[in-house]
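Number of protein chains: 2
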Amino acid sequence: MSELRRLRYFLAVAEERNFTRAAERLHIAQPALSRQVRELERELGVELLSRTTHKVEPTEAGRMLLERGPALLDAADSLWRGVRAFADGRLGSISLGYGMSAGYETAPQLLLAMSEEAPGIEVLARVMSFADIVNGVAAGTLDVGLVRCAPPQQELVLTLLRLERQGVIVSRDHPLAQGADAVDPADLDGLKLLLHARDHNPGHYDQLMDICARAGAKPEVLVRGLDFDASYTPVASGAAITIVGETGRVGLPAGLVWLPLEPVSTVEIHLITRGQNRSPAIERLLRVAVETSRQQGWLQPTP
Amino acid sequence: MSELRRLRYFLAVAEERNFTRAAERLHIAQPALSRQVRELERELGVELLSRTTHKVEPTEAGRMLLERGPALLDAADSLWRGVRAFADGRLGSISLGYGMSAGYETAPQLLLAMSEEAPGIEVLARVMSFADIVNGVAAGTLDVGLVRCAPPQQELVLTLLRLERQGVIVSRDHPLAQGADAVDPADLDGLKLLLHARDHNPGHYDQLMDICARAGAKPEVLVRGLDFDASYTPVASGAAITIVGETGRVGLPAGLVWLPLEPVSTVEIHLITRGQNRSPAIERLLRVAVETSRQQGWLQPTP
DNA sequence: TCGGTCCATGCCGACACGGCATGACCGCCC
DNA sequence: GGGCGGTCATGCCGTGTCGGCATGGACCGA
Numbered sequence: 001m002s003e004l005r006r007l008r009y010f011l012a013v014a015e016e017r018n019f020t021r022a023a024e025r026l027h028i029a030q031p032a033l034s035r036q037v038r039e040l041e042r043e044l045g046v047e048l049l050s051r052t053t054h055k056v057e058p059t060e061a062g063r064m065l066l067e068r069g070p071a072l073l074d075a076a077d078s079l080w081r082g083v084r085a086f087a088d089g090r091l092g093s094i095s096l097g098y099g100m101s102a103g104y105e106t107a108p109q110l111l112l113a114m115s116e117e118a119p120g121i122e123v124l125a126r127v128m129s130f131a132d133i134v135n136g137v138a139a140g141t142l143d144v145g146l147v148r149c150a151p152p153q154q155e156l157v158l159t160l161l162r163l164e165r166q167g168v169i170v171s172r173d174h175p176l177a178q179g180a181d182a183v184d185p186a187d188l189d190g191l192k193l194l195l196h197a198r199d200h201n202p203g204h205y206d207q208l209m210d211i212c213a214r215a216g217a218k219p220e221v222l223v224r225g226l227d228f229d230a231s232y233t234p235v236a237s238g239a240a241i242t243i244v245g246e247t248g249r250v251g252l253p254a255g256l257v258w259l260p261l262e263p264v265s266t267v268e269i270h271l272i273t274r275g276q277n278r279s280p281a282i283e284r285l286l287r288v289a290v291e292t293s294r295q296q297g298w299l300q301p302t303p
Numbered sequence: 304m305s306e307l308r309r310l311r312y313f314l315a316v317a318e319e320r321n322f323t324r325a326a327e328r329l330h331i332a333q334p335a336l337s338r339q340v341r342e343l344e345r346e347l348g349v350e351l352l353s354r355t356t357h358k359v360e361p362t363e364a365g366r367m368l369l370e371r372g373p374a375l376l377d378a379a380d381s382l383w384r385g386v387r388a389f390a391d392g393r394l395g396s397i398s399l400g401y402g403m404s405a406g407y408e409t410a411p412q413l414l415l416a417m418s419e420e421a422p423g424i425e426v427l428a429r430v431m432s433f434a435d436i437v438n439g440v441a442a443g444t445l446d447v448g449l450v451r452c453a454p455p456q457q458e459l460v461l462t463l464l465r466l467e468r469q470g471v472i473v474s475r476d477h478p479l480a481q482g483a484d485a486v487d488p489a490d491l492d493g494l495k496l497l498l499h500a501r502d503h504n505p506g507h508y509d510q511l512m513d514i515c516a517r518a519g520a521k522p523e524v525l526v527r528g529l530d531f532d533a534s535y536t537p538v539a540s541g542a543a544i545t546i547v548g549e550t551g552r553v554g555l556p557a558g559l560v561w562l563p564l565e566p567v568s569t570v571e572i573h574l575i576t577r578g579q580n581r582s583p584a585i586e587r588l589l590r591v592a593v594e595t596s597r598q599q600g601w602l603q604p605t606p
């Protein structure tokens with residue numbers, strides 16, 4: 001029944017043309033080998049080796065097996081190795097969802113690190129809404145999510161990736177921008193603050209409001225749409241300000257400046273995954289992500 | 304250790320997505336199947352199936368095995384079938400040596416029959432000298448020989464294929480050809496008889512001489528070279544005669560006639576093979592040859 | 001002719017495999 | 001909501017296969 005082992009045995013004998021040497025090579029005793037080859041012949045109903053006491057030669061059928069057998073063993077080997085590659089996360093496929101804003105700088109760096117550290121893992125990254133990410137991961141249709149202020153949901157595992165220092169974006173002409181390198185949250189009191197609707201990501205909304213509240217500030221919230229750049233206009237005109245992470249400072253339109261909040265306020269960016277059914281590839285991504293975070297100093301928000 | 308069986312088991316479960324049904328399909332009990340799949344996972348160090356009590360789904364590694372596994376099983380199957388094909392003589396390769404004269408009609412008909420009856424068997428047929436055929440078969444460098452008057456050698460197995468009626472070739476002007484449909488061997492007394500050197504095939508030489516001797520005739524032997532047609536000239540000129548089988552009557556040069564010996568004299572044409580190490584393909588050829596001989600009436604020399 | 005080499009056989013212990021009975025868990029239906 | 005059916009896992013046991021050791025038997029070369 002154990003065809004492959006017997007094939008291996010036969011090949012050893014056919015190559016060595018000698019049972020005794022082949023047995024040594026296989027680390028079994030010669031009688032055992034002798035019997036296994038006989039058994040293979042019996043199963044196939046074929047004489048594979050023509051043996052005399054001093055000469056062992058493959059028959060025609062034996063020669064065929066000798067030619068084609070190694071390919072079969074190799075194919076089997078390759079299959080086992082392939083499976084093992086999936087097992088230890090060298091091979092695989094992962095779907096990753098990231099928010100338009102949360103992932104804008106973080107996701108590309110993570111993907112880059114993955115392509116270097118685990119080139120066998122295909123990461124299918126898509127921009128998705130916060131709700132779709134959270135629901136997708138929970139439902140199993142998405143493997144990993146990259147979000148700000150992940151919800152403390154039962155079955156979700158959070159991996160802290162980045163502490164993102166928050167700051168305000170204001171028009172260069174705005175009073176807050178006059179001669180200051182930073183902004184005290186307390187100074188936001190009464191200002192018009194442009195934020196995403198709370199429904200979009202309640203945790204994020206609440207945390208930003210909390211930063212203000214702790215400083216005793218009560219800004220007036222204006223809801224903006226999901227599209228980021230197009231909604232800058234109230235900010236550009238000086239009528240409002242907005243709070244974004246430090247990754248939002250690059251590529252600002254002329255006339256706008258990003259000023260860090262002082263004292264330092266941060267927002268957490270997490271990778272979220274399911275607790276169950278995590279493939280080795282996902283584990284691998286988490287390890288790579290944590291390492292990338294460490295190397296980039298993403299947990300030390302003050303530059 | 305029995306990797307292929309376990310692979311088969313796993314594939315059944317992965318396809319059915321259900322251990323119980325897969326077990327039925329495999330004709331084993333469900334617990335046995337359950338354990339074998341577990342064991343496969345343990346050996347590979349991989350979780351292949353994610354099971355809950357009511358759902359069985361392949362993991363990523365399992366899906367890979369599910370995709371590539373069947374090909375491996377097919378490859379193994381094809382290999383076993385190929386070997387078996389050699390075993391029962393549906394596939395194979397045979398080297399056959401035949402004498403220039405002995406095989407001139409017989410060998411092509413035998414090859415034709417083989418290509419119809421056993422198309423998977425490649426017959427490598429070559430014209431060889433009598434000595435090379437006999438020695439080659441005995442030494443194992445040749446599988447089958449087709450010869451006249453095979454030597455009664457120890458390890459050679461003779462398969463009588465044909466009783467070839469003998470006759471004389473004479474010039475149309477020769478006295479023997481005047482008004483006779485046949486020739487009595489007694490009439491050969493004193494004539495010049497053109498034959499191959501005795502060394503070439505002693506059995507054949509002796510048998511022809513014996514035919515004459517039994518009739519009380521003592522012809523004068525002229526030795527001719529191996530090349531047949533070119534040596535016809537002494538016969539064509541009427542200076543000599545020669546004795547050949549009936550297969551030599553076709554394609555005679557104009558001016559020559561073949562007259563059968565009367566009473567009937569025959570020479571045996573045999574297939575010669577080794578007694579040992581006969582591959583199934585060789586056995587097959589022998590069977591086909593015997594059948595062809597029967598169909599062609601090769602053992603009834605008088606038409 | 002004798003010793004060395006090599007393959008085959010007999011016998012035995014270990015273990016892998018499969019069967020049966022049963023347990024644990026979950027979804028479904030009354 | 002509780003019982004029931006379906007599903008997979010586990011425990012236990014008999015059997016067959018595999019490998020090891022000792023030995024037999026055949027052949028080759030000195």
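Which chain is which? The protein sequence lines are A and B, in order. Going by the numbering used here, the residue at position 115 of the first sequence is 115; the numbering climbs one at a time, nothing skipped. Going by the numbering used here, the residue at position 100 of the second sequence is 403; the numbering climbs one at a time, nothing skipped. C-beta atoms are modelled at their ideal positions from N, C-alpha and C, and glycine is treated no differently.
| query | result |
| --- | --- |
| Any beta carbon of chain A sitting closer than 8 Å to that of Y312/B? | no |
| Write down every uninterrupted run of the alpha helix (DSSP H) in the region 6-58 of chain A whose length is 4 residues or greater and which is fully enclosed by it, in chain order. | 19-26 and 30-44 |
| Let's see if you can read the secondary structure: which residues bound the alpha helix (DSSP H) around I514/B? | P505 to R517 |
| Give me the subset of the region 480-505 of chain B whose CB atoms are less than 7 Å from a CB atom of chain A, sorted by chain position. | none |
| Going straight from the alpha carbon of W601/B to that of E41/A, what length do you get? | 38 Å |
| Is there contact between the region 251-270 of chain A and the region 200-215 of chain A, where contact requires at least three CB pairs shorter than 8 Å? | yes |
| Taking the Cβ atom as the reference point for each residue, do L306/A and A118/A lie within a distance shorter than 8 Å? | Since the first residue shown for chain A is 1 and the last is 303, residue 306/A is missing from the structure and cannot be characterised. |
| CB-CB under 6 Å to A12/A, same chain, minus the five flanking residues each way: which ones, in chain order? | A22, R25 and L26 |
| What residues in the region 355-378 of chain B have a beta carbon less than 8 Å from any beta carbon of chain A? | T362, E363, A364, M367, L368, R371, G372, A374, L375 and A378 |
| Excluding sequence positions up to five away, which residues of its chain have a Cβ less than 8 Å from the Cβ of E15/A? | A22 and L66 |
| Between A186/A and the rest of its own chain, which residues show a CB-CB distance below 8 Å, the 5 nearest in sequence each way excluded? | A215, G216 and A217 |
| Among residues of its own chain, excluding the 5 on either side of L158/A, which ones have a beta-carbon nearer than 7 Å to its beta-carbon? | A150, H270 and I272 |
| Within 10 Å of its beta-carbon, does A230/A have 16 or more other beta-carbons around it, so buried, or fewer, so exposed? | At A230/A, the pLDDT of 48 sits below 50, so the modelled position is not reliable and the matter cannot be decided from this model. |
| Is the Cβ of S582/B closer than 8 Å to any Cβ of chain A? | yes |
| From M367/B to L376/B, what does the alpha carbon distance come to, in whole angstroms? | 14 Å |
| Determine the closest residue to A483/B out of R338/B, A441/B and L564/B, with distance taken between C-alpha atoms. | L564/B |
| So, for V137/A: in the same chain, excluding its five sequence neighbours on each side, which residues have a beta-carbon less than 8 Å away from its beta-carbon? | G97, D143, V144, G145, L156, I272, T273 and R274 |
| Which partner residues of H499/B appear in the DSSP bridge assignment? | R527/B |
| For E155/A, does the three-state DSSP call read helix, strand or coil? | coil |
| To the nearest angstrom, how far is it from the Cα of T233/A to the Cα of L347/B? | 59 Å |
| Can you confirm whether E3/A, when its beta carbon is compared against all beta carbons of chain B, has any partner nearer than 8 Å? | yes |
| Is the region 385-398 of chain B touching the region 352-367 of chain B, taking contact as three or more C-beta pairs under 8 Å? | no |
| State the DSSP-derived secondary structure class of S474/B, mapped to helix, strand or coil. | strand |
| From the DSSP secondary-structure annotation, give me the bridge partner or partners of T444/B. | None; T444/B has no bridge partner. |
| State the DSSP-derived secondary structure class of P422/B, mapped to helix, strand or coil. | coil |
| Using only CA atoms, which one of R162/A, A131/A, L79/A and D173/A lies nearest to R198/A? | A131/A |
| For L347/B and chain A, any beta-carbon pair shorter than 8 Å? | yes |
| From what residue to what residue does the alpha helix (DSSP H) around W383/B run? | E363 to A390 |
| Where does Q166/A sit, in a helix, a strand or coil, going by DSSP? | strand |
| Using a Cβ-Cβ cut-off of 8 Å, state whether G423/B counts as contacting chain A. | no |
| Ignore the nearest five residues each way along the sequence and tell me which others in I133/A's own chain have a CB closer than 6 Å to its CB. | G97, G145 and V147 |
| Using a C-beta cutoff of 8 Å, does L49/A count as contacting chain B? | no |
| Assign L112/A to buried or exposed, taking buried as 16 or more other Cβ atoms, counted over all protein chains shown, within 10 Å of its Cβ. | exposed |
| Does the distance from the C-beta atom of V593/B to that of M417/B stay below 8 Å? | no |
| Quick one: grab the DSSP three-state call for L112/A. | helix |
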